[in-house]
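S.K.: Sharing a structure, written as structure tokens. Questions coming.
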Amino acid sequence: MDSTAVVFAEKVTLEIVKNLPAILWFLLVSAVVILFYKPLRHELLPNLSGLKVLGVEFSFVKNAIATAIELAEKSEEFPKLKISEEDQQRVINRVRKNANLFRGCRILWIDDFPDSPANERKMLQSLLVDVDMTTSTAAAEKLLRAKEKKYDLILSDMKRDGDNQAGLKFLQDYAKHKKRVPVIFYIGHPDPTKPVPLHAFGITHRPDELLHLILDVLERIKS
7 MDSTAVVFAE KVTLEIVKNL PAILWFLLVS AVVILFYKPL RHELLPNLSG
57 LKVLGVEFSF VKNAIATAIE LAEKSEEFPK LKISEEDQQR VINRVRKNAN
107 LFRGCRILWI DDFPDSPANE RKMLQSLLVD VDMTTSTAAA EKLLRAKEKK
157 YDLILSDMKR DGDNQAGLKF LQDYAKHKKR VPVIFYIGHP DPTKPVPLHA
207 FGITHRPDEL LHLILDVLER IKS
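Numbering (the numbering used here), first residue to last: 7 to 229.
The following block contains the structure:
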């Protein structure tokens with residue numbers, strides 16, 4: 007090996023030695039990221055509370071979702087309801103990612119016991135969703151006829167004023183309209199053996215699934 011090659015090899019070796027600490031740190035950090043990517047993604051990042059969504063702290067939105075889920079699990083209206091932490095985190099992550107879809111969203115909610123979905127309503131309002139609450143089919147139809155009222159979707163219970171099929175009857179009549187928006191049923195006792203009612207977009211008794219269904223609607227109409 008000539009002297010030039012020797013000098014070059016020495017310089018390369020010196021550079022490697024000088025930068026060895028930085029190289030080792032890079033390799034260490036890379037290994038940590040690879041090993042702990044999933045926990046970082048699903049636990050650390052979703053808990054960052056300084057992020058603002060639609061002008062409000064996302065921690066406020068996150069707390070509203072968590073409260074709605076917690077109180078639904080404790081409610082006698084939803085027997086044996088249990089939502090896993092993984093499912094809760096999944097919907098929080100999706101809401102965070104797609105929060106802009108809620109901007110300007112208007113929902114008509116039909117329930118003869120308006121206090122029953124109060125926590126779910128607060129959950130939506132934390133995302134700046136405009137929710138009009140009404141207690142009867144007649145009142146809902148009046149709002150739907152009003153020209154100044156333009157809704158993105160309708161939420162409805164199933165039983166109203168002693169009629170177990172009130173929600174279905176409303177949907178069957180509403181489905182005849184040329185201009186209509188998706189209808190989602192939010193009920194206390196769904197029958198898992200029955201399919202989603204004809205003309206309905208979805209049916210659920212879980213706050214997290216409710217958010218998923220609403221986002222499914224908004225993704226379609228705003229895409």
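Backbone N, C-alpha and C define an ideal beta-carbon position, used for all residues, glycine too.
Quick one, are the C-beta atoms of Val223 and Asp163 less than 8 Å apart?
M.R.: No, Cβ-Cβ distance for Val223 and Asp163 is not below 8 Å.
S.K.: How many angstroms separate the CA atom of Gly208 from the CA atom of Val189?
M.R.: Whole-angstrom Cα-Cα distance: 7 Å.
S.K.: Short check: CB of Arg1 to CB of Ser142, under 8 Å?
M.R.: Residue 1 lies beyond the stretch modelled for the chain, which goes from 7 to 229, so this question has no answer here.
S.K.: I need the DSSP call for Ile89, collapsed to helix, strand or coil.
M.R.: Three-state result, Ile89: coil.
S.K.: With a threshold of 8 Å on Cβ separation, who are the neighbours of Asn170 within its own chain once the five nearest residues in sequence on each side are excluded?
M.R.: So the list reads Met164, once near-sequence residues are dropped.
S.K.: So who's on the other strand from Val137, going by DSSP bridges?
M.R.: Paired residues: Ile113.
S.K.: For Ser162, report the span of its beta strand (DSSP E) as first-last.
M.R.: Run containing Ser162: Leu159 to Ser162, per the beta strand (DSSP E) assignment.
S.K.: List the DSSP bridge partners of Phe191.
M.R.: Answer is Ser162 and Ile209, bridged to Phe191.
S.K.: Are the C-beta atoms of Pro201 and some chain B residue less than 8 Å apart?
M.R.: In the structure shown, chain B cannot be found, because there is only a single protein chain.
S.K.: For Leu221, which residues from the same chain have a beta carbon less than 8 Å from its beta carbon, with the 5 sequence-adjacent residues on both sides left out?
M.R.: These residues qualify, in order along the chain: Arg100, Val101, Asn104 and Leu107.
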